[in-house]
Structures are given as structure tokens and as C-alpha cells.
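Peer 1:
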Amino acid sequence: MGKWSPLVAVCLGGFILLVDVTIVTIALPDMARTLSASLNGLQWVIDAYALALAALVLASGSLADQIGRKRTYLGSLVIFGVASLACGLAPTIEVLVIARAVQGVGGAAMLATTLAIVNVTYHGRDRGIALGIWGVVAGAAAAVGPVAGGLLTEFLGWRWIFLINIPIAIVAIWLTTKVVTESNNPHAKGVDVPGVVTFTAGTGAVTFGLMEAGQHEWGSGRVLGWLVAGLAILVVFVVLQARSANAMLDLKLFRQLSFSVILLAAMAFSFAAFAYTPFMSVWLQQRLGLQPLAAGLVMLPMSAAALVIAGIFGRHMHLVAFRYTLSLGLGVIGLGALLLTTGDSWIVTLPGLAVAGVGVAVTGQALPGAIMATVPHHRAGMASGALNTFRQLGMAVGVAVLGTVVAHAPTFESGLETSYVVSGVVGLVVGVIALAVVTSRNTVHNPKVEQVLGTEA
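Per our numbering, residue 1283 is the first one in the sequence shown, and the count goes up by one each step.
1) Which residue from Leu1371, Tyr1331 and Ala1291 puts its Cα closest to that of Thr1316?
2) How would you call Lys1285, buried or exposed, if buried means at least 16 neighbouring beta carbons within 10 angstroms?
3) Between which two residues does the alpha helix (DSSP H) carrying Arg1525 extend?
4) Applying the criterion that 16 or more other CB atoms from any shown protein chain within 10 Å of the CB defines a buried residue, is Asn1528 buried or exposed?
5) Under a three-way DSSP split, which group does Val1704 fall into?
6) Helix or strand or just coil, what does DSSP make of Gly1596?
7) Distance check for Leu1531 and Ser1344, CA to CA, integer angstroms please.
8) Roughly how many whole angstroms lie between the Cα atoms of Cys1293 and Pro1449?
9) Spatial neighbours of Ala1487 within its chain, please: CB distance less than 7 Å, with the 5 preceding and 5 following residues excluded, ordered by chain position.
10) Met1654 and Ala1668 look like a contact to me (Cβ under 8 Å); what is the Cβ gap, rounded to whole Å?
11) Quick one: is Asp1329 buried, meaning 16 or more other Cβ sit within 10 Å of its Cβ, or exposed?
12) Would you mind stating whether Gly1709 and Gly1616 have Cβ atoms separated by less than 8 Å?
13) Might you give, ordered along the chain, the residues of its own chain that have their beta carbon closer than 7 Å to the beta carbon of Phe1561, omitting 5 neighbours on each side?
14) At what residue ranges does the region 1421-1464 contain a whole run of the beta strand (DSSP E), taking only runs of 3 or more?
15) Enumerate in chain order the residues of its own chain whose CB-to-CB distance from Leu1635 is below 6 Å, with the five nearest sequence positions on each side excluded.
16) Taking Thr1623 as the reference, give the member of Val1703, Val1301 and Val1339 with the closest Cα.
17) Excluding the 5 residues preceding and the 5 following Tyr1432 in the sequence, name in chain order all residues of the same chain whose CB lies nearer than 8 Å to its CB.
18) With C-beta atoms as the reference, is Gly1680 less than 8 Å away from Phe1553?
19) Near Ser1287, which residues of its chain fall below 6 Å by C-beta distance, leaving aside the five closest residues on each side in sequence?
20) Just confirm the distance between the C-beta atoms of Phe1541 and Leu1535, as a whole number of angstroms; I'd bet it's less than 8 Å.
21) Along the alpha helix (DSSP H) that carries Ile1629, what are the first and last residues, could you check?
22) If I'm right that Ala1547 touches Leu1608 with Cβ under 8 Å, what's the distance once you round it to whole angstroms?
23) DSSP on Leu1570, reduced to helix/strand/coil?
24) Taking 8 Å as the cut-off, decide whether the C-beta atoms of Gly1551 and Ala1423 are in contact.
25) Using the Cα positions of Val1301 and Ile1446, report the straight-line distance between them to the nearest angstrom.
26) Note down the Cα distance separating Glu1376 from Ser1705, rounded to an integer number of angstroms.
27) Specify the secondary structure class of Ser1287 as computed by DSSP and reduced to three states.
28) Span of the alpha helix (DSSP H) holding Gly1663?
29) When you compare each of Tyr1558, Leu1324 and Arg1537 to Pro1658 by their alpha carbons, which one comes out closest?
30) Would you mind reading off the limits of the alpha helix (DSSP H) that contains Phe1553?
31) Under a Cβ-count criterion, where at least 16 other Cβ atoms within 10 Å of its own Cβ denotes burial, should Glu1499 be classed as buried or exposed?
32) Looking only at its chain, what residues have a beta carbon closer than 6 Å to the beta carbon of Val1505, apart from the 5 residues adjacent to it on each side?
33) Considering only the alpha carbon of each residue, which of Val1303, Val1379, Ala1394 and Val1290 lies closest to Ala1662?
34) Since Ala1336 contacts Gln1647 with CB under 8 Å, what's their CB separation in whole angstroms?
This is how it looks when you write it as C-alpha cells:
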């Protein structure tokens, strides 16, 4: 087989991993109808996947370094494929949520290994080409998601948005066994199991508490109990990280304020740009009566604008200081959210989605470079993992918070309007913070960092 066969193998896995982030959104109303699911249940379909990704991507990278990247990638494909089958056959919303969490486990390992395999397989000019192709595949997956979700849901049923992953995973497994060479890090430290457990439990409890606020009052014992428990567990996580010899996240990195603010920007990026899309999908289909494919096409302007802007300006963005691209990108995302509104026609969503897409392109390309410019070269992998973790946390927390906003509103439309405002404010405020705090330097001295930057271009 040709030299690009390993790239095809990892791109197949990367595609199904990333397309599943957006493809589900369009199918939510049909899931609700088939499984008699509440809005809270639909939120968990999104958040179970995002939380599993957030909790395990750092640990998966450590595991891959230790036992082998090919072995970990193959295992992740098997887990993802089996979980996709379980999602497609789920008889209840509870089973679907559990299967989505397992899918996220496989997705986290895929996210941690695909680029690592590319980096060790290709060198020099070939590596640049491979990373560029991977970036195109990643962007295409995000763009295709809503339309593919609409097509599959409308003509085959929502279960096929998961079942379609199985043949792709099988091909990826077969190809990986044939063409990908095993690699590992002989000096890798063990997986920080206590860190993984406490981080997962803490973030899960906080997210559950935020979602419960949609069903109960904020001051109720149930809501406060979950929030306090989650925060307490996260305090334990911090203590463990400070004392662990193989911590999943080096707390010393947070001593540099820019590092902390960039991770905050990563959370705000996902919150402000994407957390309202599940509720927009419900509005388009249940309130305006659009079919799934039409709803997917309505939501396409964001990803289309992002792809166009990234394609035209992406290679020149490194010439501008990260503090400016981050603040500009988040500000434009915030402006796009504030332009969104509800009405009697889907047309009112198009300007806001297109503007937000411009901000998505700018911010998405700035975040990896910004985080790498704040860490020493031997922490590049950890910084990249932390960035992915906080992006997924932003989605999970955003869906939970906005779901509560919608649940407590007098009407669904007024709640959706308020969720747009909240998203807009988050983008604008964190954009201002980034402008004030993030360092102006764009210099990255580590060759490994340059590789990571290329993956997001």
C-alpha cells in the first residue's frame, strides 16, 4: 500500500469522531419523539459525549505513549464502533446516554492518538502535507455534520447517524492493522488514575447540578448538593494533581496567567459558538416545522463561513499577535450570537450564524498557537490535551447552562432568545479578558509545537 495509507487510516477515525459532535444536533427532535425524551434527556445526549471526551483525552494520550499508539487507536475504534451500535439500537433515552458516554471514551482515545500517529509516521514536507490534509478532514467533518444528520434522519431515521459509523470504523480497523506501525514512548509515565476519576466525577457532578437547575429552583437542596459535591471533588482533584508524580495536568502551568485565560477562552469558544445549537435545532423543527435536512441546511452557514475564512486567511493569522486574534474571534462569535433571534422564518438565523462562523475560524486557529506559546517544549502534549479538554468542557457546561435558561423561560422562544444573549455576553466578556491578559508574543520554539499548530490550521 502507498505511503499515505496510514493517513487514510487515521483520517477515517478522526472523521467519525468529529462528525459525531455536530451530526447529533439535527436528530434531537426525532430522538425526543421516538424515545419520549425530555429536553433534559436530550441535553445529556450531547453532554455525555462531551464530558467523556473532556475527562479522558489527557489520560488517553498517556496510555497511548505507554502501551503503544497503534494499539490504543485500534482499541478506540472498537469501543467507538460498539458504542455506535448501542446508540443506534438504544430502546430508551437512558441507554442512549450511557452509550454516548462510552462513545466519548473511544473518541477521547482517538483524539489523543490520531495526530500522534501522523507525527511519528511522516517527516519533513510529508508531515506538513499530512497535517494539512488531516486539518481539512477535521473541518469537513464539522461542516458535513448538520447536513449528513439531516439526510440520514429524514430518509433513514435518526438511528442511522450512529449506525453509519460502524462500516467506517471496520475499514479503519482493517487498514490500521495493515499499514500503521506501532510506536510508543519508552519514558512515558503511568496514567494518573486518581486524577481521571476525580476530574470525571467532579465535572460530571457540576454539570448534573446545572442541568437539575432546569428542573428545580437554583436554591433547592438537590441543585446545591450536586454543585457543592462537584466542586468539592474538583478541589480533591487539584490537591491530588499538586502531589502526584505523574499528574495528568501540571498545575505549575497555571502560574502563567496567559495559560489560564487561554483555557478560559477555549471554554468560552465552545460555549458561545455551539452550546445553543441543540436548542436551535429543536426550534427549527418543532416550532417552525422544518424537516431534518432543511434544518441542517439552515445551520450550515456557520461551518461554511468558518471553512471559507480559514481557507483564505488561515495561513496569515500567525502574523497577528494571539491576544488580538483571540479577542477578535471571541468578540465576533459573541456578536454573531447577539444577532441571532427567533421569528416566523428561519431566515432570521442566517446573518448571526454566518458572523459567528467568521469568529469560529479566527478563534479556532488562534487557540492552539496561543496555548503553545505559554508552555515549555516538554509540556506541549499536555497543553494540547488541556486545550481539547477545556473546549469539550465549554460545550458540556454551555449546554447545561443554556438548557436551564430555556427551561425557566415563559416560552421556548423567549428562552432561546435569552440563550443567544448569554452566549453573546460570554464571547464578548472573555474576548476582552483575553485582550487584556494574553501575551503578545507569537514565538514558538519547539518543533513539536509547530506540528500541533499545523493540525489546527
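No residue lacks a Cβ here, since even glycine has one placed at the ideal position from N, Cα and C.
Peer 2: On the basis of the data shown:
1) The residue given as residue 1316 occupies position 34 in the sequence shown. Selected option, being the one with the closest Cα: Leu1371.
2) Translated into positions along the sequence shown, residue 1285 becomes position 3. Burial call: exposed.
3) The count along the sequence shown starts at 1 and reaches residue 1525 at position 243. Arg1525 -> alpha helix (DSSP H) spans Gly1503 to Arg1525.
4) Working through the sequence shown from its first residue, we reach residue 1528 at position 246. Classification for Asn1528: exposed.
5) Along the sequence shown, read from residue 1 onward, the residue named residue 1704 stands at position 422. DSSP places Val1704 in helix when its eight states are reduced to three.
6) For this step, residue 1596 is matched to residue 314 along the sequence shown. Three-state DSSP puts Gly1596 in a helix.
7) By 1-based counting over the sequence shown, the position of residue 1344 is 62. By 1-based counting over the sequence shown, the position of residue 1531 is 249. Their backbone Cα atoms lie some 11 Å apart in a straight line.
8) One-based indexing of the sequence shown puts residue 1293 at position 11. One-based indexing of the sequence shown puts residue 1449 at position 167. Each residue's Cα considered, the two are about 14 Å apart.
9) Residue 1487 sits at position 205 when you count from the first residue of the sequence shown. For Ala1487, where only same-chain residues beyond five positions count, the Cβ hits under 7 Å are Trp1508, Ala1511, Gly1512 and Ile1515.
10) Counting from one through the sequence shown, the residue named residue 1654 turns up at place 372. Counting from one through the sequence shown, the residue named residue 1668 turns up at place 386. Actually they are not in contact, since the Cβ atoms of Met1654 and Ala1668 sit about 11 Å apart, beyond 8 Å.
11) By one-based count along the sequence shown, residue 1329 stands at place 47. Buried.
12) Taking the first residue of the sequence shown as 1, we reach residue 1709 at position 427. Taking the first residue of the sequence shown as 1, we reach residue 1616 at position 334. Yes, they are a contact pair.
13) Here residue 1561 refers to the residue found at position 279 when the sequence shown is read from its first residue. Excluding residues within five positions, the ones whose Cβ falls inside 7 Å are Leu1684, Val1688, Leu1698 and Ser1701.
14) none
15) Locating residue 1635 in the sequence shown gives position 353, where the first residue counts as 1. Only Pro1583 and Met1584 meet the Cβ criterion.
16) The residue you call residue 1623 lines up with position 341 of the sequence shown. If we check each option's Cα against that of Thr1623, Val1703 comes out closest.
17) Here the question's residue 1432 lines up with position 150 in the sequence shown. It should be noted that the sequence gives Gly, not Tyr, for residue 1432. Hits under 8 Å: Ile1308, Gln1573, Pro1574, Leu1575, Ala1576, Ala1577, Gly1578 and Leu1579.
18) As a position in the sequence shown, residue 1680 is number 398, starting the count at 1. As a position in the sequence shown, residue 1553 is number 271, starting the count at 1. Going by C-beta atoms, Gly1680 is nearer than 8 Å to Phe1553.
19) The count along the sequence shown starts at 1 and reaches residue 1287 at position 5. Excluding residues within five positions, the ones whose Cβ falls inside 6 Å are Val1461.
20) Sequence index remark: in the sequence shown, residue 1541 carries index 259 (1-based). Sequence index remark: in the sequence shown, residue 1535 carries index 253 (1-based). The Cβ separation is near 5 Å, so the contact holds.
21) Mapped onto the sequence shown, residue 1629 falls at position 347. Run containing Ile1629: none; DSSP gives neither H nor E here.
22) Counting from 1 along the sequence shown, the entry for residue 1547 is found at position 265. Counting from 1 along the sequence shown, the entry for residue 1608 is found at position 326. The pair is a contact, with the Cβ atoms about 5 Å apart (cut-off 8 Å).
23) Residue mapping note: residue 1570 aligns to position 288 of the sequence shown, counting from 1. It is coil, neither helix nor strand.
24) Stepping through the sequence shown from its first residue, residue 1551 is reached at position 269. Stepping through the sequence shown from its first residue, residue 1423 is reached at position 141. Correcting the residue identity first, residue 1551 is Phe in this sequence and not Gly. No, Cβ-Cβ distance for Phe1551 and Ala1423 is not below 8 Å.
25) Taking the first residue of the sequence shown as 1, we reach residue 1301 at position 19. Taking the first residue of the sequence shown as 1, we reach residue 1446 at position 164. Their backbone Cα atoms lie some 11 Å apart in a straight line.
26) The count along the sequence shown starts at 1 and reaches residue 1376 at position 94. The count along the sequence shown starts at 1 and reaches residue 1705 at position 423. Taking the straight line from one Cα to the other gives about 28 Å.
27) Residue 1287 sits at position 5 when you count from the first residue of the sequence shown. The answer is helix: DSSP assigns Ser1287 an H, G or I state.
28) Locating residue 1663 in the sequence shown gives position 381, counting from the first residue. Counting along the chain, the alpha helix (DSSP H) containing Gly1663 begins and ends at Ala1662 to His1690.
29) Here residue 1658 refers to the residue found at position 376 when the sequence shown is read from its first residue. For the residues Tyr1558, Leu1324 and Arg1537, the minimum Cα distance to Pro1658 belongs to Arg1537.
30) Position 271 of the sequence shown, counted from the start, is the residue given in the question as residue 1553. Note, Phe1553: alpha helix (DSSP H), Leu1539 to Phe1556.
31) The residue given as residue 1499 occupies position 217 in the sequence shown. By the neighbour-count rule (16 or more Cβ atoms within 10 Å), Glu1499 is not buried but exposed.
32) Indexing the sequence shown from 1 puts residue 1505 at position 223. Hits under 6 Å: Gly1491, Glu1494, Ala1495 and His1498.
33) As a working note, residue 1662 is residue 380 in the sequence shown. Of the candidates Val1303, Val1379, Ala1394 and Val1290, the one whose C-alpha sits nearest the C-alpha of Ala1662 is Ala1394.
34) Along the sequence shown, one-based indexing puts residue 1336 at 54. Along the sequence shown, one-based indexing puts residue 1647 at 365. Actually they are not in contact, since the Cβ atoms of Ala1336 and Gln1647 sit about 21 Å apart, beyond 8 Å.
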